[in-house]
Amino acid sequence: MLFCGPPGTGKTLFAKKLAQKSGLDFAIMTGSDVAPLGKDSVNEINKLFDWAEKSPKGMILFIDEAESFLR
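Next up, the structure:
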């Protein structure tokens, strides 16, 4: 899913509640988490996806401020 909207509209809260009500794990990362990692950012993002794949319950991975590193 792609949630798009101005800050403070409940995107993060909705994703967290969706995970909670669905019994899924929830992880959040922000664009500002990725930028300082430089060349290691790809490895760290891969670790998140590995965690998501191994989660027995499934996972919602919420990437906040994705436009800061995906544009």
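At position 54 of the sequence shown (counting the first as 1) the number is 58 in my numbering, and the numbers step up by one without a gap. Just so it is clear, CB atoms sit at the ideal spot from N, CA and C, and this is done for glycine as well.
query                                                                                   : result
Thr34 in three-state terms, based on DSSP                                               : strand
Limits of the beta strand (DSSP E) - the one that Asp54 falls within                    : Looking at the DSSP string, Asp54 is not in any beta strand (DSSP E); the run it does join, the alpha helix (DSSP H), is Ser45 to Lys58.
Buried versus exposed, by CB contacts within 10 Å (16 or more), Phe66                   : buried
As assigned by DSSP and simplified to three states, the class of Leu65                  : strand
Contact check, Gly62 vs Leu22, beta carbons under 8 Å                                   : no
Spatially closest choice to Ser36 from Ile49, Pro60, Lys58 and Ser26, by CA coordinates : Ile49
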